[in-house]
Amino acid sequence: MSLNVKTQQPVVISEKTLARVAELKSRFPEGKHKSALLTVLHEVQDENNDWLTVDAMDKIAELLNIKPIEVYEVASFYSMYNQKPVGKYMFEFCRTSCCVTRGAEDLIEYTCNKLGVKEGEVTPDGLFSVKGVECLGACGYAPMLQLGDFYHEFLTPEKMDQLIEDCKAGKVEKLSKV
Ligand code: FES
């Protein structure tokens with residue numbers, strides 16, 4: 011996976027996030043602050059349009075006093091971290107066995123065609139992107155996708171049409187209240 015160039019987006023890390031990072035670090039002994047990395051990546055990504063520039067990852071390394079490569083290797087391993095811009099609504103389709111057996115690949119192709127993008131691209135209006143990910147643990151509800159904190163299950167082309175329309179109308183929640 012290639013990393014983005016450094017200058018695509020200024021890094022935003024608010025006082026609130028800095029305080030959260032300090033609190034997370036306090037849970038671990040000196041020299042073990044890397045243990046907070048997954049959570050810090052989430053916090054910083056949430057504050058930076060749902061993706062992480064190299065600058066953002068370098069800042070995280072600085073905050074946790076670890077090497078930048080330690081941040082890059084974790085951020086590039088897990089699909090929940092993005093190294094390039096994503097749409098406001100990112101459809102993360104499971105493309106593991108149960109979902110594929112139940113038509114996930116056709117559904118991904120249908121959705122990409124409908125939105126006029128390839129996987130990993132963002133629609134010109136910035137609203138949508140499509141990503142294939144590994145099993146999301148909802149195999150009994152295949153095919154399914156994750157959108158923010160929520161799962162959308164037993165998907166069909168008709169359900170995708172409706173979901174896209176609802177997103178455009180601002181009717182779709184991405185973040186849980188918990
Ligand atoms: S195979 Fe799709 S959620 Fe597990």
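Residue 11 is where the sequence shown starts when you use our numbering, and the numbers rise one by one after that.
We put the beta carbon where it would ideally sit given N, CA and C, even for glycine.
Predicted, not measured: the structure shown is a model, and the values here were computed from it.
- It is roughly 6 angstroms from the alpha-carbon of Glu129 to the alpha-carbon of Lys141.
- The straight-line gap separating the alpha-carbon atoms of Phe164 and Glu72 is approximately 43 angstroms.
- At a cut-off of 6 angstroms, the beta-carbon of Cys108 counts as near the ligand FES: some heavy atom of the ligand is closer than that.
- Sequence-distant Cβ neighbours of Ile76 in its own chain, meaning closer than 8 angstroms and more than five residues away, are His43, Lys44 and Leu47.
- The residue among Leu51, Ala66 and Lys35 with its C-alpha nearest the C-alpha of Val22 is Ala66.
- When secondary structure is reduced to three states using DSSP, Glu102 falls in the strand class.
- For the pair Arg112 and Ala148, the CB atoms are not nearer than the 7 angstroms cut-off.
- Taking one beta carbon from each stretch, the region 25 to 45 and the region 53 to 61 have 3 or more pairs nearer than 8 angstroms; the two touch.
- In the DSSP assignment, Val143 falls within the beta strand (DSSP E) that extends over Phe138 to Val143.
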